[in-house]
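Numbering (the numbering used here), first residue to last: 1314 to 1539.
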Amino acid sequence: KFIWELPPDVTVVRLAFDTKPETVPTTSYDPAINEKEYDALVDGAMYIHLRYKNDGGWGPTTHRKILVDRTPPEPFTLDVSPVASTTDVQLKFSATDTPSGLDRHELVVDGGNAIKIPLSEVKDGGYVLSSQEPGDHQVTVKAYDKAGNYTPVDGKYKIEGETPEEIVARLAREADEAPKPTDWGLIANIGQLAFIAFLIGYLWYERKSFRREKYTAKKEADELRD
């Protein structure tokens, strides 16, 4: 969409839109318009040509160049290699774009927020993802050109070690399997109850023995009296 300032004395404008830098427009718009939208775009350099007319006749033609790029970067491959004995991952990729050139890369790990990677941080076609969590992961690398088009490629990698979920499960399992700590208060209460029960039993036994001895003594006394 092109927009231009329309002087108050201009009555007619002529427009053309093509791939030639010096075209003299012949399509007239009367009354004069101050904007025009085109959708017949082709990749590369295109030009709009604009000419004004007032009471004095036609003025010179103004030419404006634009660069069109609707083609995303070329498809590329991604090699993902965890770095041994670390939680780092080495990404190897090499994207190219002809119409406007590459602008940046973006990384998305496990569907999270995009990480913008300037071209200067991609060394020899490689980039290191550091401090990754243990477990299985998926990464997407997007190559953007300067027109905003992008080409994605997906990869997977695995970091050895326990995931946070596995750590939680293991700790819960160990807690269930571990011997329970001794409840000395409960043991003391049980001991007191046992002692009281023993005293009650002992007193009951002594009372019963006393009654039995009393009965025997009374019987002997009666026999002696007889």
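Glycine is no exception: its CB is placed at the ideal position from the N, C-alpha and C atoms.
Return the residue from the list the options that minimises the CA-CA distance to residue i.
i            : options                : result
residue 1380 : 1398, 1365, 1356, 1372 : 1356
residue 1414 : 1422, 1400, 1425, 1432 : 1432
residue 1422 : 1411, 1446, 1406, 1436 : 1446
residue 1369 : 1378, 1322, 1344, 1487 : 1322
residue 1383 : 1411, 1486, 1491, 1334 : 1411
Closer than 6 Å by C-beta to residue i: which residues in its own chain qualify, once you throw out the five before and the five after it? Chain order, please.
i            : result
residue 1470 : 1393, 1395, 1402, 1450
residue 1459 : 1413, 1414, 1416
residue 1342 : 1326
residue 1362 : 1329, 1336, 1338, 1374, 1376
Cutting at 7 Å between CB atoms, please list the residues of its own chain near residue i, excluding the five before and the five after it.
i            : result
residue 1350 : 1314
residue 1440 : 1404, 1430, 1434
residue 1505 : none
residue 1501 : none
Do the CB positions of residue i and residue j come within less than 8 Å of each other?
i            : j            : result
residue 1365 : residue 1326 : yes
residue 1484 : residue 1454 : no
residue 1463 : residue 1388 : no
residue 1367 : residue 1324 : yes
residue 1452 : residue 1438 : no
Please report the Cβ distance between residue i and residue j, rounded to the nearest whole angstrom; I am assuming they are in contact, meaning their Cβ atoms lie under 8 Å.
i            : j            : result
residue 1408 : residue 1456 : 3 Å
residue 1347 : residue 1317 : 6 Å
residue 1358 : residue 1332 : 7 Å
residue 1390 : residue 1466 : 7 Å
residue 1320 : residue 1378 : Between residue 1378 and residue 1320 the Cβ distance is about 23 Å, and since that is not below 8 Å, they are no contact.
Which residues bound the beta strand (DSSP E) around residue i?
i            : result
residue 1404 : 1402-1406
residue 1430 : 1428-1431
residue 1421 : 1415-1422
residue 1390 : Neither: residue 1390 is in no beta strand (DSSP E) and is coded neither H nor E.
residue 1364 : 1357-1367
residue 1468 : 1463-1472
residue 1346 : Segment: none, residue 1346 is in no beta strand (DSSP E) and carries neither H nor E.
residue 1329 : 1325-1331
residue 1451 : 1448-1458
residue 1383 : Counting along the chain, residue 1383 falls outside any beta strand (DSSP E), and DSSP gives it neither H nor E.
Does the beta carbon of residue i fall short of 7 Å from some heavy atom of the ligand GTP?
i            : result
residue 1388 : The ligand GTP is not part of the structure shown, which contains no ligands of any sort.
Does residue i get closer than 8 Å to chain D when you measure Cβ to Cβ?
i            : result
residue 1353 : Note that chain D does not occur in the displayed structure, where there is just one protein chain.
Can you list, in chain order, the residues of its chain with a C-beta nearer than 8 Å to that of residue i? Leave out the 5 residues immediately preceding and following it.
i            : result
residue 1400 : 1443, 1444, 1445, 1446, 1447, 1472, 1474
residue 1428 : 1419, 1420, 1421, 1422
residue 1424 : 1451
List the endpoints of the continuous alpha helix (DSSP H) containing residue i.
i            : result
residue 1480 : 1477-1490
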